[in-house]
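**Student:**
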Amino acid sequence: MSRDLSEFRTVLSEDEIARALSRMAHEVVERNKGATDLVVLGIPSRGVPLGRRLAARISDVDNIDVPVGALDVTMYRDDLRLRPARALEPTDIPPGGVDGKVVVLVDDVLYSGRTIRAALTALDDIGRPHAVRLAVLVDRGHRQLPIRADHVGKNLPTSTRESVKVLLDEVDGRDAVLLGETPGATDHPVTVEGAR
Ligand SMILES: O=P(O)(O)OC[C@H]1O[C@H](OP(=O)(O)OP(=O)(O)O)[C@H](O)[C@@H]1O
Ligand SMILES: O=c1cc[nH]c(=O)[nH]1
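Below you can see the structure in the form of structure tokens.
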């Protein structure tokens, strides 16, 4: 990984991430009164392995296989032209689809809310779930849209000059959530000078 994280401090350890995911799995099952009709969709990039982990834990709690997939939101972003170009990631919807299901969207960080807005628009092209819920490992605040998470691993008060880095074994070789100052950060989220 090319990011210099030496100045970042750990706000969630590997064990704490594991415990947070287990708690969230129990919450999802309780809220849904079981795991029947759930579909877990992770948002690339790190939402996908997190979604797989959450689905596995939900399966353990309710003793039922939980369909899990991935939802790429890139082409649905309202800030697509304002961000560096990036490759599309696969969207992978489980064979049963999402119609009539309770979809649990999973992402690593919730910040402005624009990624989740894009995910809701992307879902429109796929089907009509009965309900959509949101599970995030970290909610760092600073929402720009009326979006909230149903299941949160950690609420982390942050300044907009800071970054949250989620490291996952599947992508980064280790599990941790780090917080630190972003070099050259502006005072407002989402990239564009003057766009606030
Ligand atoms: O609420 P928002 O302001 O949309 O921010 C949250 C999103 O930002 C990060 O993704 P990023 O686009 O940086 O890509 P990544 O998932 O590959 O890290 C993070 O993984 C969330 O998906
Ligand atoms: O700090 C942030 C903000 C958005 N997305 C992240 O992954 N980290």
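One point on numbering: in our numbering, the residue at position 57 of the sequence shown is 44, and numbering is uninterrupted. Note that CB positions come from ideal geometry on N, CA and C, so glycine has one too.
(1) Taking one C-beta from the stretch 128 to 138 and one from the stretch 73 to 83 each time, how about it: are there three or more such pairs within less than 8 Å?
(2) Would the stretch -12 to 5 count as touching the stretch 162 to 170 if we require 3 or more Cβ pairs under 8 Å?
(3) For the stretch 13 to 32 against the stretch 53 to 68, do three or more pairs of beta-carbon atoms, one drawn from each stretch, fall closer than 8 Å, so that the two count as touching?
(4) To which residues of the same chain is Arg12 closer than 7 Å at the C-beta, ignoring the five residues directly before and after it?
(5) Residues around ligand 2, please: the condition is that the C-beta lies closer than 5 Å to some non-hydrogen atom of it.
(6) Which runs of the beta strand (DSSP E), 3 residues or longer, sit entirely within the stretch 55 to 123?
(7) Which residues does DSSP pair with Asp126 in a beta bridge?
(8) Return the first residue and the last residue of the beta strand (DSSP E) that Ser150 is part of.
(9) Between Val153 and the rest of its own chain, which residues show a CB-CB distance below 7 Å, the 5 nearest in sequence each way excluded?
(10) Quick check: the Cα distance between Gly87 and Asp156, rounded to an integer number of angstroms?
(11) Closest to Val93 by CA distance: which of Asp(-9), Asp52, Val15 and Leu(-8) is it?
(12) So is Arg190 buried or exposed if we call it buried at 16+ other beta carbons inside 10 Å?
(13) Is the beta carbon of Glu149 less than 9 Å from the beta carbon of Gly167?
**Tutor:** Reading off the structure:
(1) No, the stretch 128 to 138 does not touch the stretch 73 to 83.
(2) Taking a cut-off of 8 Å for Cβ pairs, the stretch -12 to 5 and the stretch 162 to 170 touch, as three or more such pairs fall below it.
(3) Contact between the stretch 13 to 32 and the stretch 53 to 68 is present, with at least three C-beta pairs closer than 8 Å.
(4) The residue labelled residue 12 in the question sits at position 25 within the sequence shown. Reading off the sequence, residue 12 comes out as Ala, not Arg. Here the set comprises Leu41, Arg44, Ile45 and Val48.
(5) Those satisfying the condition are, in chain order, Val96, Tyr98, Ser150 and Val151.
(6) The beta strand (DSSP E) runs lying completely inside the stretch 55 to 123 and spanning 3 residues or more are 55 to 57 and 89 to 97, given in chain order.
(7) On the sequence shown, position 139 is the one that residue 126 refers to. DSSP, once it has assigned bridges, lists Leu97 and Asn142 as partnering Asp126.
(8) Sequence index remark: in the sequence shown, residue 150 carries index 163 (1-based). Residues Glu149 to Leu154.
(9) Here residue 153 refers to the residue found at position 166 when the sequence shown is read from its first residue. Residues of the same chain with a CB within less than 7 Å of the CB of Val153, apart from the 5 flanking positions on each side, are Arg33, Asp95, Val96, Leu124, Val125 and Val164 in chain order.
(10) As a first step, residue 87 is located in the sequence shown; it is residue number 100 there, counting from the start. As a first step, residue 156 is located in the sequence shown; it is residue number 169 there, counting from the start. Roughly 33 Å between the two C-alpha positions.
(11) The count along the sequence shown starts at 1 and reaches residue 93 at position 106. When Asp(-9), Asp52, Val15 and Leu(-8) are compared, the shortest CA-CA separation from Val93 is found for Val15.
(12) Because the chain here runs from -12 to 183, residue 190 falls outside it and cannot be looked at.
(13) By one-based count along the sequence shown, residue 149 stands at place 162. By one-based count along the sequence shown, residue 167 stands at place 180. Against a cut-off of 9 Å, the Cβ pair of Gly167 and Glu149 comes out as a contact.
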